[in-house]
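J.: Residue numbers for the sequence shown follow the working numbering, so the first one is 137 and each next one is one higher.
Quick one: structure below, then a few questions.
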Amino acid sequence: MNLKTILKNLNQGKLFFIFLIVTLIVVYPLFGYSQDNQQVTQFNFLEKTLISYGFTVKKEIPPYKNRYGIRPYGLLEGKTQTVWINPVVFDLGNAKATIIHEAVHAAQLCVGNKEEFKLLNLDIEPPKMTHPYFMRYHNYRKEIEAEAYTVQVQPNSLEIAKNFLDSYCSSNNNK
Ligand SMILES: [Zn+2]
137 MNLKTILKNL
147 NQGKLFFIFL
157 IVTLIVVYPL
167 FGYSQDNQQV
177 TQFNFLEKTL
187 ISYGFTVKKE
197 IPPYKNRYGI
207 RPYGLLEGKT
217 QTVWINPVVF
227 DLGNAKATII
237 HEAVHAAQLC
247 VGNKEEFKLL
257 NLDIEPPKMT
267 HPYFMRYHNY
277 RKEIEAEAYT
287 VQVQPNSLEI
297 AKNFLDSYCS
307 SNNNK
């Protein structure tokens with residue numbers, strides 16, 4: 137019995153069903169792969185930008201715990217101009233959001249002449265879903281975090297973060 141005979145013996149409904157399953161098996165992992173790939177490309181792009189403005193980017197567990205006793209996903213230390221990206225974010229799928237968040241803090245540091253974080257005065261209102269993330273902070277720190285969370289959830293977050301770095305960090309790097 138050859139393939140032609142087998143196919144002839146199957147009715148159209150069965151054929152369609154087989155076609156559907158095969159399509160799902162082939163396409164679904166590819167879809168996941170391209171999403172991951174795009175995220176890695178965007179991560180690398182922003183990492184390179186940060187490095188070009190004098191920051192060190194370490195894909196290591198951050199050396200400090202947050203106030204809940206947990207190692208954060210990302211951390212930027214002002215005095216050493218070092219960004220830590222917790223490797224767990226690559227498994228969790230939020231590597232891009234994490235580096236964008238830290239890139240916004242880096243731009244805030246550039247505005248503050250690399251000594252303290254200063255507000256970028258974003259003209260975007262923090263979306264409601266971001267409120268729980270920064271409302272736990274107080275005073276000025278709350279506003280600093282609000283900017284980082286607001287940018288990281290924008291559809292064009294990469295572009296915004298890159299523009300901020302280009303606008304605020306380039307002069308610092310050349311001195
Ligand atoms: Zn933050």
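No residue lacks a Cβ here, since even glycine has one placed at the ideal position from N, Cα and C.
Given the structure is predicted, the values throughout are model-derived calculations rather than measurements.
Near Pro208, which residues of its chain fall below 6 Å by C-beta distance, leaving aside the five closest residues on each side in sequence?
T.: Only Pro198 and Asn202 meet the Cβ criterion.
J.: The alpha helix (DSSP H) with Glu279 in it runs from where to where?
T.: Per DSSP, Glu279 belongs to the alpha helix (DSSP H) from Asn275 to Gln288.
J.: How big is the Cα-Cα spacing for His241 and Leu156?
T.: Between His241 and Leu156, the C-alpha separation is close to 46 Å.
J.: Under 7 Å: does the beta carbon of Ala231 sit that close to some heavy atom of ligand 1?
T.: False, no ligand heavy atom lies under 7 Å from that Cβ.
J.: Whole angstroms is fine: what's the gap from Phe238's alpha carbon to Gly149's?
T.: Checking the displayed sequence, the identity of residue 238 turns out to be Glu instead of Phe. Between Glu238 and Gly149, the C-alpha separation is close to 53 Å.
J.: Let's test the definition: count the other Cβ atoms within 10 Å of the Cβ of Pro291 and tell me whether it reaches 16, buried, or not, exposed.
T.: When all chains shown are included, Pro291 counts as exposed.
J.: When DSSP builds the beta bridges, which residues end up paired with Leu256?
T.: DSSP lists no partner for Leu256.
J.: Would the beta-carbon of Leu186 fall within 8 Å of that of Ile236?
T.: Not in contact: Leu186 and Ile236 (Cβ atoms no closer than 8 Å).
J.: Taking 7 Å as the cut-off, is the beta-carbon of His274 closer than that to any non-hydrogen atom of ligand 1?
T.: Answer for His274: no, Cβ out of range of ligand 1.
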